[in-house]
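The structure under discussion appears below in the form of structure tokens.
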Amino acid sequence: MTSVNALDQKIADGRLVFKNKCQKCHPNGEAGVGPALNDKKLPAIIMRARIRSRATFLWTGRMPAFNKHEISKVEMNALIAYLKDMRKKDK
Amino acid sequence: MRTILIKRVRIFTYILLCSCLFLLEGCFKLRGHYGTKSYEPVARPVNPSDILLPDGYKIEMISGGFNFPSGITMDEQGRVYILEAGYSYGEIFTVPKLLRLEPDGKKTVIAEGSKNGPWTAVDYYKGDFYISEGGSMEGGRILKVSQDRKITRLAENLPSYGDHHTDGVVVGDDGYIYFGQGTATNSAIVGKDNFDFGWLSRKKDFHDVPCEDVILTGENYETENVFSEDKEKVQTGAFVPFGTKTVKGQVIKGSVPCNGAVMRIPLTGGDVELVAWGFRNPFGLAFSPDGSLFVTDNGFDERGSRPVFGTGDLLFKVKRKTWYGWPDFSGADSLSGADYKARKIRPKSLLQKYPNTPPAPIATFGVHSSSNGLDFSTSNAFGHKGEAFVAQFGDMAPGVGAIYGPVGFKVVKVNVETGDISDFAVNKGRVNGPASTLKNGGLERPVALKFSADGNALYVVDFGVLEMPEKGPAPKQHTGVLWKISKL
Numbered sequence: 415m416t417s418v419n420a421l422d423q424k425i426a427d428g429r430l431v432f433k434n435k436c437q438k439c440h441p442n443g444e445a446g447v448g449p450a451l452n453d454k455k456l457p458a459i460i461m462r463a464r465i466r467s468r469a470t471f472l473w474t475g476r477m478p479a480f481n482k483h484e485i486s487k488v489e490m491n492a493l494i495a496y497l498k499d500m501r502k503k504d505k
Numbered sequence: 009m010r011t012i013l014i015k016r017v018r019i020f021t022y023i024l025l026c027s028c029l030f031l032l033e034g035c036f037k038l039r040g041h042y043g044t045k046s047y048e049p050v051a052r053p054v055n056p057s058d059i060l061l062p063d064g065y066k067i068e069m070i071s072g073g074f075n076f077p078s079g080i081t082m083d084e085q086g087r088v089y090i091l092e093a094g095y096s097y098g099e100i101f102t103v104p105k106l107l108r109l110e111p112d113g114k115k116t117v118i119a120e121g122s123k124n125g126p127w128t129a130v131d132y133y134k135g136d137f138y139i140s141e142g143g144s145m146e147g148g149r150i151l152k153v154s155q156d157r158k159i160t161r162l163a164e165n166l167p168s169y170g171d172h173h174t175d176g177v178v179v180g181d182d183g184y185i186y187f188g189q190g191t192a193t194n195s196a197i198v199g200k201d202n203f204d205f206g207w208l209s210r211k212k213d214f215h216d217v218p219c220e221d222v223i224l225t226g227e228n229y230e231t232e233n234v235f236s237e238d239k240e241k242v243q244t245g246a247f248v249p250f251g252t253k254t255v256k257g258q259v260i261k262g263s264v265p266c267n268g269a270v271m272r273i274p275l276t277g278g279d280v281e282l283v284a285w286g287f288r289n290p291f292g293l294a295f296s297p298d299g300s301l302f303v304t305d306n307g308f309d310e311r312g313s314r315p316v317f318g319t320g321d322l323l324f325k326v327k328r329k330t331w332y333g334w335p336d337f338s339g340a341d342s343l344s345g346a347d348y349k350a351r352k353i354r355p356k357s358l359l360q361k362y363p364n365t366p367p368a369p370i371a372t373f374g375v376h377s378s379s380n381g382l383d384f385s386t387s388n389a390f391g392h393k394g395e396a397f398v399a400q401f402g403d404m405a406p407g408v409g410a411i412y413g414p415v416g417f418k419v420v421k422v423n424v425e426t427g428d429i430s431d432f433a434v435n436k437g438r439v440n441g442p443a444s445t446l447k448n449g450g451l452e453r454p455v456a457l458k459f460s461a462d463g464n465a466l467y468v469v470d471f472g473v474l475e476m477p478e479k480g481p482a483p484k485q486h487t488g489v490l491w492k493i494s495k496l
């Protein structure tokens, strides 16, 4: 079980990953040159798959894929936590 | 083995189903043209309560009815001065003006310019005003307006006839006036988009000028000849006039003043000196509390002969004599990667050799956000001391490229240590956008901002309504507003 402090830290780490890799196309999770993320109820497995590979949505869309050198496994976990938190707060 | 295969098929089916659901949600609807091609004033309701701020802050309207306001400064007495641009995209010319706001709400005209706008920025220093004159018709200028209201040209003939103008003026403690000069084009190739803009028909030979000698790769781009009725094709290379081919290894001589640069001149006037180059449109300039110079730079558009997809606007700390990457990089990223491909064209490198490795930006803003005006909080009373505040004019899509939703139209703050960007003043609602689209009385297009001398209030200049109908930008006259944000 993750403690509240650890989860907060994970979300904070994820926020920085988001700002570096995702922000310019999805400003604060809203629509930009990419679609909005804060209103999508996608399971974590789909989010991870799409971030890693364009094949996930059958090569549709312009979003690039990010390999493990660009977003490490630890950063990916933090990013997913942040994306879930963003969705929760936007309700 | 068979179990693994079944598991994989199940995962794939699950992903496929989710993908279909995702697509069916209608989340891929692109934003189209909007508004009407009219420049006439429109009613603009103003309601500060439609704007969301962090807890503990309030916003109020100080004055309205400005005609294309673009800059702000204050004198020693704390009196506020507003710049009216005198030009807007959409090729509409009015009279550039420097106005003083009086305590009774009246506006006193301090100076008026000629048909050579837009006046893009103003700074006050020891009794005089310094103005960046965009120079759409006669070239860019740095103007000094003295106490007797006399206008003196401290610099002129700046290469400012193109897409982007002479921008963000700020006076440093070193006795120099620093200013930005935007590029003539989107990505160094003069093309049909520049003809559509309007300036290419006025200045057929105008093109970008590098600040130092550059060696070209010889990439040329084919377009229809906009000056010929028989639709013949012409080829155009980088840093040359429309319809001029370049070859591999060709040297383009650099000179100052140049395009895509931050430059400076002494307060008393004199030769223009290069500070840094390789920017695209270095719009907002400000010194941080520790005396470092920062600049906002507008990213590439998905338009013209060499369109570029997905480059955000950038915030840089300016290092002297450094090249910042235009036209081949966005920040530290080369455009030759697949991520920046637009209309099935991958932007190939135009320069054979780079002056230096371009520095990474401090922060990357939303693509097409038009992150413009810049200032730093200097007060613990206001809070966020040392953080940068940026006015985001908002996108001009679809002219600059396709988007799924409005980008910008707000004020953001940036922690310059971490690059973390967060909203500071933004319209309330489920989605972002200008007040006229959201049908409320909030922010329209913030273009400039400035902290009061005591640092206790942040003034935000809102350009007003500018729509993007099919026939090009349609700014509405006299819809500009001045906002003031302070602690409760």
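So the sequence lines, in the order shown, correspond to chains S and C.
Everything in the first sequence is counted per the working numbering, starting at 415 for the first residue and increasing by one.
Everything in the second sequence is counted per the working numbering, starting at 9 for the first residue and increasing by one.
Ideal placement from N, C-alpha and C gives every residue a C-beta, glycine not left out.
Asked	Found
Any non-hydrogen atom of the ligand NAP closer than 7 Å to K134 of chain C Cβ	The model on display carries no ligand, and the ligand NAP is accordingly not part of it.
Neighbour flag for S313 of chain C against chain S, beta carbons, 8 Å	no
N-terminal and C-terminal residue of the beta strand (DSSP E) that K241 of chain C is part of	K241 to T244
C-beta contact flag for K438 of chain S and T372 of chain C at 8 Å	yes
For M476 of chain C, three-class secondary structure by DSSP	strand
Residues that I493 of chain C bridges to, as DSSP identifies them	C:I67 and C:L466
DSSP three-state assignment for M506 of chain S, whether helix, strand or coil	Limits of chain S in this structure are 415 at one end and 505 at the other, which puts residue 506 of chain S out of reach.
L496 of chain C burial status per 10 Å Cβ neighbour count (16 or more: buried)	exposed
Counted within 10 angstroms of its Cβ, other Cβ atoms place G148 of chain C as buried (16 or more) or exposed	buried
Residue-chain proximity (G407 of chain C, chain S), Cβ-Cβ < 8 Å	no
In chain order, each alpha helix (DSSP H) run of at least 4 residues that lies wholly inside the stretch 192–222 of chain C	200–205 and 207–210
Whole runs of the beta strand (DSSP E) within the stretch 109–137 of chain C, excluding any shorter than 3 residues	115–120 and 127–133
Under 9 Å (Cβ pairs) to chain S, residues found in the stretch 359–377 of chain C	A371, T372, F373, G374, V375, H376 and S377
T365 of chain C burial status per 10 Å Cβ neighbour count (16 or more: buried)	exposed
Cβ-based neighbour list, K239 of chain C, same chain, cut-off 7 Å, excluding 5 preceding and 5 following	E232
is_contact[I429 of chain C, chain S] using C-beta, thresh 8 Å	yes
Which of helix, strand or coil DSSP assigns to L32 of chain C	Since pLDDT at L32 of chain C reaches only 45, below the 50 mark, its modelled position is unreliable, and the value read off the structure follows with that caveat. L32 of chain C: helix per DSSP, three-state reduction.
Coarse secondary structure for M490 of chain S, derived from DSSP in three states	helix
Cβ contact (3+ pairs, closer than 8 Å) linking the stretch 469–476 of chain C and the stretch 414–431 of chain C	no
Within chain S, partners of G402 of chain C - CB distance below 9 Å	Correct list: empty, because the minimum Cβ distance to chain S is about 11 Å.
Selected residue, minimal CA-CA separation from S122 of chain C, among C:E146, C:Y132, C:V248 and C:G113	C:E146
T426 of chain C: contacting residues in chain S (beta-carbon distance under 9 Å)	L430 and K433
Inside the stretch 278–325 of chain C only - beta strand (DSSP E) runs reaching at least 3 residues	281–285, 290–295, 301–305 and 320–325
Beta-carbon proximity list for W2 of chain C, same chain, < 7 Å, skipping 5 on both sides	Residue 2 of chain C cannot be examined here, being either before or after the span of chain C that is shown, 9 to 496.
Element boundaries [beta strand (DSSP E), containing L498 of chain C]	Any question about residue 498 of chain C goes unanswered here, given that chain C covers just 9 to 496.
Residue from C:F417, C:E310, C:D341 and C:I273 whose Cα sits closest to the Cα of S377 of chain C	C:F417
L451 of chain C classed as buried or exposed, judged by whether at least 16 other C-beta atoms fall within 10 angstroms	buried
Cβ separation of I223 of chain C and V177 of chain C, assumed to be a contact under 8 Å, to the nearest whole Å	Actually they are not in contact, since the Cβ atoms of I223 of chain C and V177 of chain C sit about 32 Å apart, beyond 8 Å.
Backbone CA spacing between I499 of chain C and K329 of chain C [nearest angstrom]	What is shown of chain C runs 9 to 496, which leaves residue 499 of chain C out entirely.
8 Å Cβ cutoff, F317 of chain C in contact with chain S	yes
Sequence-distant residues of its chain with Cβ nearer than 6 Å to N423 of chain C (five each side left out)	E395
Beta bridge counterpart(s) of R272 of chain C as assigned by DSSP	C:Y186 and C:E281
Simplified DSSP state of M82 of chain C, which is helix, strand or coil	strand
Rounded Cβ spacing between K356 of chain C and E227 of chain C (contact assumed at less than 8 Å)	5 Å
Top-ranked residue by Cα proximity to Q189 of chain C, from C:G292, C:L60 and C:G402	C:G292
Residue-chain proximity (R466 of chain S, chain C), Cβ-Cβ < 8 Å	no
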